[in-house]
Amino acid sequence: MIDLEGRGPIIGTIRDCALHYGLYKPHARDNARVLLTKPIHREGRATRTWLLDPSEIAELADRLARETN
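Take the sequence shown: its position 52, counting from 1, is numbered 98 in my numbering, and each next residue is one higher.
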(Lines of atoms letter the chains of each structure in order from A; the text may use other names.)
(Lines give C-alpha, C1' and ligand atoms only; values in the text may rest on other atoms or scores of the structure.)
Protein backbone atom coordinates (compact mmCIF):
# COMPACT_ATOMS: atom_id res chain seq x y z
CA MET A 47 0.00 0.00 0.00
CA ILE A 48 1.24 3.46 -0.81
CA ASP A 49 0.16 6.88 0.26
CA LEU A 50 0.82 9.82 -1.97
CA GLU A 51 2.64 11.82 0.71
CA GLY A 52 6.00 10.16 0.18
CA ARG A 53 6.11 7.70 3.08
CA GLY A 54 7.56 4.28 2.51
CA PRO A 55 5.17 1.66 1.13
CA ILE A 56 3.66 -1.14 3.20
CA ILE A 57 4.40 -4.46 1.55
CA GLY A 58 1.97 -7.11 2.69
CA THR A 59 -1.30 -8.85 2.09
CA ILE A 60 -4.60 -7.15 1.34
CA ARG A 61 -5.54 -7.85 4.97
CA ASP A 62 -2.42 -6.04 6.22
CA CYS A 63 -3.23 -3.08 4.01
CA ALA A 64 -6.84 -2.94 5.23
CA LEU A 65 -5.66 -3.03 8.85
CA HIS A 66 -3.18 -0.20 8.30
CA TYR A 67 -5.75 1.81 6.37
CA GLY A 68 -7.93 1.84 9.48
CA LEU A 69 -5.07 3.47 11.41
CA TYR A 70 -4.52 6.28 8.91
CA LYS A 71 -5.72 9.81 9.55
CA PRO A 72 -8.50 11.03 7.22
CA HIS A 73 -6.11 13.01 5.02
CA ALA A 74 -3.83 9.99 4.57
CA ARG A 75 -6.83 7.77 3.81
CA ASP A 76 -7.78 10.06 0.92
CA ASN A 77 -4.29 9.62 -0.54
CA ALA A 78 -3.85 5.86 0.01
CA ARG A 79 -3.67 3.37 -2.84
CA VAL A 80 -3.04 -0.38 -2.97
CA LEU A 81 -0.85 -1.63 -5.79
CA LEU A 82 -1.90 -5.17 -6.72
CA THR A 83 0.34 -7.99 -7.93
CA LYS A 84 -2.23 -8.91 -10.61
CA PRO A 85 -4.55 -6.59 -12.52
CA ILE A 86 -8.27 -6.97 -11.80
CA HIS A 87 -11.33 -6.31 -13.95
CA ARG A 88 -13.57 -3.47 -12.87
CA GLU A 89 -17.18 -3.10 -13.86
CA GLY A 90 -17.63 -0.13 -16.17
CA ARG A 91 -14.00 -0.05 -17.31
CA ALA A 92 -12.64 -1.37 -20.58
CA THR A 93 -9.29 -2.42 -19.13
CA ARG A 94 -8.07 -4.12 -15.98
CA THR A 95 -6.37 -2.07 -13.29
CA TRP A 96 -3.48 -2.52 -10.88
CA LEU A 97 -4.65 -0.08 -8.19
CA LEU A 98 -7.32 -0.06 -5.50
CA ASP A 99 -8.67 3.40 -4.73
CA PRO A 100 -9.41 4.73 -1.21
CA SER A 101 -13.12 3.87 -1.45
CA GLU A 102 -12.29 0.26 -2.30
CA ILE A 103 -9.74 0.02 0.51
CA ALA A 104 -12.36 1.43 2.90
CA GLU A 105 -14.81 -1.30 1.84
CA LEU A 106 -12.18 -3.93 2.59
CA ALA A 107 -11.38 -2.36 5.96
CA ASP A 108 -15.09 -2.26 6.88
CA ARG A 109 -15.54 -5.87 5.82
CA LEU A 110 -12.50 -6.91 7.87
CA ALA A 111 -13.86 -5.09 10.92
CA ARG A 112 -17.25 -6.84 10.56
CA GLU A 113 -15.62 -10.26 10.18
CA THR A 114 -13.32 -9.88 13.18
CA ASN A 115 -16.03 -8.67 15.58
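Think of the CB as a built atom: it goes at the ideal place given N, C-alpha and C, for glycine as much as any other residue.
Taking residue 111 as reference, the option from 56, 49, 69, 54 with the minimal CA-CA separation is 69. For residue 77, the closest C-alpha among the options 65, 53, 93, 85 is that of 53. Going by DSSP, residue 107 is part of no beta strand (DSSP E) but of the alpha helix (DSSP H) stretching over 100-114. In the assembly as shown, residue 107 is a buried residue. Its beta-carbon has 16 or more other beta-carbons within 10 Å.
A straight-line Cα-Cα distance of about 10 Å links residue 115 and residue 109.
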